[in-house]
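Structure, as structure tokens:
Okay, here's the thing in structure tokens:
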């Protein structure tokens, strides 16, 4: 079964510092991986997705993620944190079940940005 | 604008009461999903539907029911059998039925017990 593990339920960085949010996946087939962001009392928004076209994926708001098959990782980074980046971030993998397509989400990492 | 509308935004349930959460979409997407979100637990799948008049149980379907009579609508009923319904409920859709397609989310309904 496919799964994702997000290391660290909370991450705190200073404004202007590097953001690194970690995600490891478990998949027996080439995965389709996603990062989503959630602001308080809202639904999730897509940041970026990996679909095997390129290992370095650029997303919105200056975020990017690198797919590393040897490490089964898909970590999310941003060179310089902004106060508006404070939110919860979810790594996810798409899977096919007997009932159709499903998405498996990690437990989430809450990002705090200090002024 | 195309999107997903969840209503109401806040909902309160009395003991022994069934309540229904609405999810409507105008994205023309085939697949629709209901998730429950609790602090620190990510999103857990309740029910999903790939086509009209068909739906599947997710990981935590007990105490919930759904219907899919129209492509645009996928209401979720939280029954009195769900003993701990307090949570944030999210509806999502996926277009084109392919695994590389992302999920599109509504803004959620927060359910609390009175």
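Protein chains in written order, with my numbering: chain A, 9 to 123; chain B, 10 to 123.
We put the CB at the ideal spot given by N, CA and C, even for glycine.
Quantities reported herein were computed from a predicted structural model and do not represent experimental measurements.
Residue i: first and last residue of the uninterrupted beta strand (DSSP E) it sits in
i	result
residue 56 of chain B	52-60
residue 45 of chain B	40-46
residue 18 of chain B	No beta strand (DSSP E) contains residue 18 of chain B, which DSSP labels as neither H nor E.
residue 63 of chain B	63-66
residue 117 of chain A	117-122
residue 120 of chain B	118-122
residue 75 of chain B	73-75
residue 29 of chain B	28-34
Proximity of residue i and residue j at Cβ, strictly below 8 angstroms
i	j	result
residue 58 of chain B	residue 83 of chain B	yes
residue 53 of chain A	residue 40 of chain A	no
residue 53 of chain B	residue 98 of chain B	no
residue 73 of chain A	residue 59 of chain A	no
residue 108 of chain B	residue 109 of chain A	yes
residue 49 of chain A	residue 25 of chain B	no
residue 97 of chain A	residue 70 of chain A	no
residue 23 of chain B	residue 85 of chain B	no
Residues bridged to residue i (per DSSP)
i	result
residue 46 of chain A	A:52, A:96
residue 92 of chain B	Partner(s): none; residue 92 of chain B has no beta bridge.
residue 15 of chain A	A:30
residue 108 of chain A	A:105
For residue j and residue i, the rounded distance between their alpha carbons
i	j	result
residue 27 of chain B	residue 73 of chain B	9 angstroms
residue 64 of chain A	residue 48 of chain B	31 angstroms
residue 12 of chain A	residue 119 of chain B	26 angstroms
residue 34 of chain A	residue 100 of chain A	11 angstroms
residue 12 of chain B	residue 39 of chain B	14 angstroms
residue 90 of chain A	residue 24 of chain A	6 angstroms
residue 79 of chain A	residue 32 of chain A	8 angstroms
residue 46 of chain A	residue 33 of chain B	20 angstroms
residue 91 of chain B	residue 51 of chain A	23 angstroms
residue 42 of chain A	residue 75 of chain B	27 angstroms
residue 63 of chain B	residue 43 of chain B	14 angstroms
Proximity to residue i [Cα-Cα], best of the options
i	options	result
residue 37 of chain B	B:88, B:67, B:91, B:104	B:104
residue 2 of chain A	B:51, B:110, B:92	This structure gives no information on residue 2 of chain A, because the portion of chain A shown stretches from 9 to 123.
residue 78 of chain B	B:56, B:14, B:60, B:15	B:60
residue 21 of chain A	A:95, A:115, A:103	A:95
residue 122 of chain A	A:9, A:14, A:19	A:19
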